[in-house]
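Visitor:
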Amino acid sequence: MVRAGRRVAYVGVMAGLTAVGALIRVPLWPVPLTLQVFFVLLSGAVLGPGWGVLSQVVYLGLILVGLPLSASGGGLGVVLSPTFGYLLGFPVAAGITGALRGRGFARTWLAMSVGLAAIYLMGVSYLGFYFEHIAHAPRSTSDLLRLGMLPFLPGDMAKALLAAYVAERLATGAHLGR
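34 is the number of the first residue of the sequence shown in the numbering used here; add one for each residue after it.
1. Under the three-state reduction of DSSP, which class applies to residue 111: helix, strand or coil?
2. State buried or exposed for residue 77, treating a residue as buried only when at least 16 other CB atoms are found within 10 Å of its CB.
3. Taking 8 Å as the cut-off, decide whether the C-beta atoms of residue 79 and residue 127 are in contact.
4. In chain order, what residues of the same chain lie with their CB nearer than 6 Å to the CB of residue 99, ignoring the 5 residues before and after it?
5. By how many angstroms is the C-alpha of residue 75 removed from the C-alpha of residue 92?
6. For a quick check, are the C-beta atoms of residue 54 and residue 68 less than 8 Å apart?
7. Would you list the one or two residues that DSSP bridges to residue 146?
8. DSSP three-state call for residue 45: helix, strand or coil?
9. Is it the case that the Cβ atoms of residue 142 and residue 194 are separated by a distance below 8 Å?
10. So, helix, strand or coil for residue 157, using DSSP?
11. Just tell me which of 138, 159, 84 has its CA closest to the CA of residue 40.
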């Protein structure tokens, strides 16, 4: 029972850290820096696939019930925002990262890279849906990649490297319910 209670607490901590990571913005050009992706990937790596997914579902649920914890604010209106697909990718990325993570930094970083690819796949796909069906301004695939992935990719890969390092350090010093 104590172990399950700890896991639930870790889920809450990772959901909270993801929210804080979204709210802290460093205004860089062309894309502001946040730590959201860092905590999404870290949640899967340290909590494992099931609990990592749950932490991101909790985060997404908090947004959908109205807490302004995303770039688009909060509430059901977020579903109609161009960034909603990325949010949907967060639980998927945490699950993939947790499922693929093995021992060692390289394996952890590879798992996080695949998780990051899932965020981009869902995010860019939804961005295409948004432009086509909500904004009524269809875009080509190359436009969607240029708008929704390429500016973010270098920073997100750096965050994945840092998250892999942190996950490995945590693995040597603490067992967080994996």
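Beta carbons are placed, not taken as given, at the ideal position from N, Cα and C, and that holds for glycine.
Guide: So, from the listed chains and residues:
1. DSSP places residue 111 in helix when its eight states are reduced to three.
2. Flag for residue 77 reads buried.
3. The Cβ atoms of residue 79 and residue 127 lie no closer than 8 Å to each other.
4. Here the set comprises 107, 108.
5. Note on geometry: alpha-carbon atoms of residue 92 and residue 75 lie some 14 Å from one another.
6. Yes. Within cutoff.
7. Residue pairing from DSSP leaves residue 146 without any beta-bridge partner.
8. Correct three-state label for residue 45: helix.
9. Contact: yes.
10. For residue 157, the three-state secondary structure derived from DSSP is helix.
11. Nearest C-alpha to residue 40: 84.
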